[in-house]
Amino acid sequence: MKRIICPYCFEPNATGRKCDACGERLPPQLDGSEMMFSIIGSTESGKSHYIATLIGQLYSQAHRFHWSCCALTDETMNLYDERFRKTLYDNKDVIVKTQSRNVREHRPLIYSLNFDNGAPPVTLVFYDAAGERFSNQGDMKKATKYLDSSSGVIFLVDPLQLGSVREAFVDSGQGGESDLPAVPLSDGSVSNIFQRLANVLRAKEKTRGRVQTPVALTFSKIDALRFLLTDESPVYLPSFHRRRGCFCYSDAARVDEHLRSFLAAFDRNRELLNHMKHFDRCACFGTSALGQNPKSNRQKLRFPPRPMRVLDPFLWLLAEHDRIATVD
Ligand SMILES: Nc1nc2c(ncn2[C@@H]2O[C@H](COP(=O)(O)OP(=O)(O)OP(=O)(O)O)[C@@H](O)[C@H]2O)c(=O)[nH]1
Ligand SMILES: [Mg+2]
Ligand SMILES: [Zn+2]
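Numbering (the numbering used here), first residue to last: 8 to 335.
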């Protein structure tokens with residue numbers, strides 16, 4: 008019999024409606040076939056906005072991708088509504104920084120995704136962790152509890168945190184340093200978190216070789232790169248995944264190749280490119296949760312979020328697990 012992993016404390020349970028370890032009520036839909044995808048990234052990399060708009064897209068694009076999405080707990084519905092939907096759509100504000108010690112903000116958002124093609128449903132558990140939680144091995148180890156149960160990782164990278172992109176931004180007259188996100192201290196730098204992620208996944212897989220868990224290296228905020236990339240950049244072209252209603256490998260390959268050459272040009276010392284060699288299944292994606300840069304508008308949205316390619320890395324993870332149709 009399959010063991011149910013508690014989405015609150017990640018301990019395995021034989022059966023039951025209550026977790027033996029932490030006492031939380033387990034949603035009755037859990038049957039041990041759950042897949043958890045983790046969303047990891049440095050502070051200000053855009054995790055909260057990404058999760059908010061990804062969940063929105065799971066609902067709004069359901070007809071296109073032939074699935075249906077359903078929140079499994081009242082807490083999930085309330086948290087999404089108050090922290091994400093009202094803030095972004097009703098108030099046109101940005102979501103405030105996730106507080107490292109705020110217990111409520113760190114509660115899991117639990118959804119079920121059912122596929123019209125009869126593929127086994129997946130239960131999605133999203134954790135919106137504060138970026139600080141990944142800035143040292145000890146804290147990350149606690150966070151690794153959910154990485155241990157993860158079937159895939161979306162690793163968010165804010166391109167505006169790369170030194171060469173920041174210089175180009177200021178030099179091109181786009182704005183000053185205050186229009187850019189803060190750069191995390193070296194402990195919490197993108198490159199260091201990426202290396203820690205490889206270590207954690209290796210330990211989980213009990214291997215000293217390359218990590219097998221699929222990792223989507225996902226650039227957030229690509230809306231803010233228009234000054235660097237041309238309009239013909241594949242990240243700005245309409246998504247074939249959307250058009251075809253499935254995962255399209257040639258579209259993903261074009262984006263991946265383009266972003267790897269972007270990294271080769273703008274990531275000093277090619278650190279991320281080098282660390283990607285630790286992963287057997289790693290692909291680059293480009294997304295924007297908001298489709299606009301609120302930093303240049305005193306953190307107010309000019310219009311409701313216009314997500315760009317937010318589903319792409321998620322579709323890839325589903326395709327890697329044979330849940331959705333694919334085309335070349
Ligand atoms: N240009 C642009 N900026 C964005 C986008 N999403 C988020 N931002 C900016 O990035 C800031 C940080 O985004 P968050 O989603 O809070 O980042 P986070 O990774 O959750 O940060 P922590 O909670 O501190 O770990 C926001 O306040 C916005 O100013 C986007 O799609 N485009
Ligand atoms: Mg956050
Ligand atoms: Zn538990």
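Ideal Cβ positions, reconstructed from N, Cα and C, are used throughout, including at glycine.
Minimum Cβ-Cβ distance from residue i to chain C less than 8 Å
i: TYR57; result: In the displayed structure, chain C is absent; only one protein chain is listed.
Among the options, the one whose alpha carbon lies nearest that of residue i
i: GLN168; options: ILE161, VAL160, VAL177; result: VAL177
i: HIS248; options: LEU308, VAL207, LYS213, ILE331; result: ILE331
i: SER157; options: SER45, LYS149, ARG313, ILE12; result: SER45
i: VAL317; options: LEU224, LEU95, ASP274, SER295; result: SER295
i: GLU51; options: ARG313, PRO19, THR105; result: THR105
i: ALA28; options: GLY298, GLU41, MET42, CYS13; result: CYS13
i: TYR87; options: ARG111, HIS70, ALA69, TRP74; result: ARG111
Assigned exposure category for residue i - 16 Cβ within 10 Å defines buried
i: ASN109; result: exposed
i: ASP97; result: exposed
i: GLU239; result: exposed
i: GLY63; result: buried
i: THR22; result: exposed
i: LYS284; result: exposed
i: TYR66; result: exposed
i: ARG250; result: exposed
i: GLY138; result: buried
Residue i - DSSP class collapsed to helix/strand/coil
i: SER49; result: coil
i: ALA326; result: helix
i: SER142; result: coil
i: ARG277; result: helix
i: SER55; result: helix
i: ILE62; result: helix
i: GLY252; result: coil
i: LEU33; result: coil
i: MET42; result: coil
Residue range of the alpha helix (DSSP H) that includes residue i
i: VAL262; result: 256-273
i: PHE72; result: 69-72
heavy atom of ligand 1 below 7 Å from residue i C-beta
i: THR94; result: no
i: ALA231; result: yes
i: GLY53; result: yes
Delimiting residues of the beta strand (DSSP E) encompassing residue i
i: THR83; result: First-last for THR83: 81-86, but that is the alpha helix (DSSP H), not the beta strand (DSSP E).
i: ALA223; result: 222-226
Contact test: residue i Cβ vs ligand 2 heavy atom, cutoff 7 Å
i: SER198; result: no
i: ALA137; result: yes
Item to check | Exercise answer, beta-carbon shell around ligand 4 heavy atoms below 6 Å | outcome: By its list of ligands, the structure shown excludes ligand 4, since it contains just ligand 1, ligand 2 and ligand 3.
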